[in-house]
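For the working numbering, add 809 to where a residue sits in the sequence shown, where the first one is 1. Glycine included, C-beta positions come from ideal geometry on N, C-alpha and C. As structure tokens, the structure follows; a few thoughts come after it.
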Amino acid sequence: MSVPVIAFFNNKGGVGKTTMVYHLAWMLADSGVRAIAADLDPQCNLTAAFLDEDRIEEVMAKGERALTVFSAVRDLKRGTGDVKEPHVENIANRLGLIAGDMGLSTFEDQLSENWPKCLDGDERAFRVTSAFYRVVQLAGAKQESDVIVVDLGPNLGAINRAALIASDFVVIPLGPDLFSLQGLENLGPALRRWRKAWKERIKKKPAGADIDLPKGSIQPIGYVLLRHSIRLDRPVKAFERWAARVPGTYAEAVLDTIVDASVSIDTDPACIAKLRDYRSLMPLAQEARKPMFFLKPADGALGSHANAAAQAYKDFKDVARKIAAAAGIPNFE
Ligand SMILES: Nc1ncnc2c1ncn2[C@@H]1O[C@H](COP(=O)(O)OP(=O)(O)O)[C@@H](O)[C@H]1O
Ligand SMILES: [Mg+2]
């Protein structure tokens, strides 16, 4: 049995993916779900959100002592072995982290080269292409996890392709702006292309090769609209103008369907949530190295900040519930 994997992906940076994965992982764990967050972005922002600098330095130690996702694929990359079970950093009750690594970017070329070779039935090509899937599944099995949530960098490169074919589900965080819409127009077709290409490749798996391959369903759960990316000096109208175009663009680009022009983000079933701009609560949370919804008066969350933290709890609980239901994740309460 494999553990369900949910990727959070958008090829535009700065929309709030990492913030989303961080808060959702905490919320899922708080709701009774055994969760692992995996940082597959070589920029390692998710790892930096979870761990303090001293621990990051230990985890990202040079060479063999490193405890990152890269350590788990290093032997495969070198050609001296296969993937290893990764270290899962214990963050809290029911919550673990597979730490990211800047070095992961050096794996990108091999992922690129091996992708076409799968079509020749090349065993090593399948091992490389399925590396992330097998690494997160080894961790999930060891931890008896209910779900693995994955943070990715903002591009359509080979690392993200391998991470996405390792995913059962994808959630797309979006900003209500032109660039997010243009991003969707590239991202949607890429997802569909990769899904199809992987299905073709699976058929070429060499007989007798004992490799646990992903199904590559990459089923889109929906999008989360993040308001924080709109500049405060811009009129609300600008937000509404772009937001109105999201349902149609998402349906066409990601689902390859057409929705009625009357569908708005408020009625679109693909819209998981509209997340508010938490403004100064966010830096407070970063400072305290906690999710916004766990901020206490001792962390500086007083008065309106305390109210905002309580609101954030409700908001993320709602998003987590919807995603857990869509992905069939057990134990959510
Ligand atoms: N809902 C939110 N409210 C306020 N600020 C946010 C929110 N989500 C993200 N941010 C801020 O926006 C910036 C980009 O977010 P991040 O999660 O790093 O984006 P990405 O991973 O897509 O590049 C960060 O400074 C983060 O603190
Ligand atoms: Mg990020």
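CA-CA distance, residue i and residue j?
i     : j     : result
D1021 : S811  : 10 Å
A1079 : I957  : 21 Å
A1047 : A1119 : 28 Å
M1091 : A1070 : 35 Å
I1081 : D918  : 35 Å
K1105 : K1083 : 25 Å
T1076 : K1126 : 20 Å
A1006 : F859  : 35 Å
G909  : R887  : 19 Å
I1067 : L1111 : 46 Å
T889  : A972  : 22 Å
D929  : L993  : 32 Å
S787  : K1024 : As displayed, the chain neither begins before 810 nor continues past 1142, which places residue 787 out of reach and without an answer.
R1001 : A1097 : 40 Å
D839  : L906  : 15 Å
F771  : E866  : There is no way to answer for residue 771, as the model of the chain reaches only from 810 to 1142.
T856  : F916  : 19 Å
V1072 : D986  : 18 Å
E894  : Q952  : 11 Å
I900  : V980  : 23 Å
A875  : I815  : 25 Å
W924  : S1113 : 51 Å
A1094 : D848  : 19 Å
A1135 : A1129 : 10 Å
F879  : G912  : 7 Å
N1116 : R864  : 32 Å
H896  : K821  : 29 Å
D861  : E898  : 12 Å
T827  : R1085 : 16 Å
Y1122 : A1133 : 16 Å
E922  : D850  : 20 Å
Please list, in chain order, all residues of the same chain as residue i whose beta carbon is under 8 Å from its beta carbon, the five residues on each side excluded.
i    : result
G841 : R903, N1140, F1141 and E1142
V892 : A881, V882, D884, L885, R936, A940, R943, V944 and L947
Assuming residue i contacts residue j (C-beta within less than 8 Å), just tell me the rounded distance between them.
i     : j     : result
N819  : L996  : 7 Å
K1013 : C927  : 6 Å
I1138 : P813  : 6 Å
A967  : L920  : 4 Å
R1054 : L990  : 6 Å
P1100 : Y831  : 7 Å
L1064 : L983  : Going by Cβ atoms, the distance from L1064 to L983 rounds to 14 Å, so no, they are not a contact pair.
M829  : F817  : 6 Å
W1003 : I974  : 6 Å
D960  : A846  : 7 Å
Q1059 : Y1032 : According to the sequence as given, residue 1059 is Tyr; it is not Gln. Rounded, the Cβ-Cβ distance is 6 Å, consistent with contact.
Could you pull out every residue in the same chain whose Cβ sits closer than 7 Å to the Cβ of residue i, ignoring the five residues on either side in sequence?
i     : result
Q852  : G962
S1026 : D977
R1010 : C927 and L928
T877  : V868, M869, A908, G909 and D910
G824  : The amino acid at residue 824 is misidentified as Gly; the sequence shows Val. Within the same chain, V824 has close Cβ partners P982, L983, G984, S989, L1035 and S1038.
A1018 : E932 and F935
A834  : A844, A846, L904 and V958
G949  : V812, I845 and I957
Please confirm whether any heavy atom of ligand 1 lies closer than 7 Å to the CB of residue i.
i     : result
L1093 : no
D1086 : yes
P963  : yes
V824  : yes
L993  : no
L990  : no
L996  : no
L833  : no
L837  : no
L906  : no
L1034 : no
For residue i, which residues of its own chain have a beta-carbon under 6 Å away from its beta-carbon, when the five flanking residues on both sides are left out?
i     : result
A999  : L965
L1052 : Before going on, a small fix: residue 1052 reads as Ala here, not Leu. Answer for A1052: P985 and I1074, listed in chain order.
K1131 : I1081
P1015 : G930 and E932
A1062 : L993, E994 and G997
R970  : W1003
Using only the heavy atoms of ligand 4, determine whether one of them is closer than 7 Å to the beta carbon of residue i.
i     : result
C1080 : Only ligand 1 and ligand 2 can be found as ligands here, which leaves ligand 4 out of the picture.
Closer than 5 Å is what we want: which residues have a beta carbon that near any heavy atom of ligand 2? List them in chain order. K826, T827 and N854
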